[in-house]
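Visitor:
Residue numbers (my numbering): 1327 to 1516.
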């Protein structure tokens, strides 16, 4: 009886918030957790980087370490969703391989891809005010993050607050059109 692995049903839903650093992904995720029906997990990639211990990583090894962490993060997100959990993911698709990897791991019909947008001057202002981000990171990610061109919904955090953006995302989830952006991207890029 206690040795049986429980049946947890089908895959959970994934809301993938894709935007540059300082675009407002985490603030939207916090609001989504307040307004979405049922239990949801917030899985920010920054939390996985924060779990890393040990010595400082030399500059020449840093990108490989970031890539390994992102690849593991993708598999953790996919595992949570496959086990039937609903997940809000906070992750910039700033490298093409990240999107390609997630297209192969997530159930495309159960994934809502959200473009979290903000004009570059506002991103740069936020970086300076926050003081906890590498200055220039948003500018480095700016062109790459939305290069694939397709989202199920886009929100502009320079115009709307986190609560308003979360409300739009919740509605987009309820009205999710088929094929989803992930279904289309998997067909076109896969």
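Positions of the beta carbon are idealized from the N, C-alpha and C atoms, including for glycine.
1. Exposed or buried, which one is residue 1393 when buried takes at least 16 other CB atoms within 10 Å?
2. Leaving out five residues on either side along the sequence, give the residues of the same chain with a beta carbon under 8 Å from the beta carbon of residue 1446.
3. With H, G and I counted as helix, E and B as strand and the rest as coil, what does DSSP make of residue 1419?
4. Give a yes or no on contact between the segment 1485-1497 and the segment 1506-1516, applying the rule of three or more CB pairs nearer than 8 Å.
5. When the Cα of residue 1472 is compared with those of 1346, 1438, 1337, 1338, which residue comes out closest?
6. Return the residue from the list 1513, 1417, 1388, 1352 that minimises the CA-CA distance to residue 1430.
7. Please report the straight-line C-alpha distance between residue 1366 and residue 1353, rounded to a whole angstrom.
8. Let me make sure I understand the geometry here. Which of 1401, 1478, 1458, 1334 has the alpha-carbon closest to that of residue 1424?
9. In angstroms, rounded to a whole number, what distance separates the CA positions of residue 1458 and residue 1450?
10. Quick one: Cα of residue 1397 to Cα of residue 1428, how far?
Guide: So, from the listed chains and residues:
1. Along the chain shown, read from residue 1 onward, the residue named residue 1393 stands at position 67. Exposed, because fewer than 16 other Cβ atoms sit within 10 Å of the Cβ of residue 1393.
2. On the chain shown, residue 1446 is found 120 positions in, with the first residue counted as 1. Hits under 8 Å: 1464, 1465, 1468.
3. Position 93 of the chain shown, counting from 1, holds the residue named residue 1419. Coil at residue 1419, not helix or strand.
4. no
5. Translated into the one-based positions of the chain shown, residue 1472 becomes position 146. For residue 1472, the nearest C-alpha among the options comes from 1346.
6. Within the chain shown, numbered from 1, the residue matching residue 1430 stands at position 104. Out of 1513, 1417, 1388, 1352, 1513 has the C-alpha closest to the C-alpha of residue 1430.
7. If you number the chain shown from 1, residue 1366 lands on position 40. If you number the chain shown from 1, residue 1353 lands on position 27. For residue 1366 and residue 1353, the distance between alpha carbons rounds to 15 Å.
8. Stepping through the chain shown from its first residue, residue 1424 is reached at position 98. When only C-alpha atoms are compared, the closest one is 1401.
9. Translated into the one-based positions of the chain shown, residue 1458 becomes position 132. Translated into the one-based positions of the chain shown, residue 1450 becomes position 124. Answer to the nearest angstrom: the Cα atoms are 12 Å apart.
10. The residue labelled residue 1397 in the question sits at position 71 within the chain shown. The residue labelled residue 1428 in the question sits at position 102 within the chain shown. Going from the Cα of residue 1397 to the Cα of residue 1428 covers about 9 Å.
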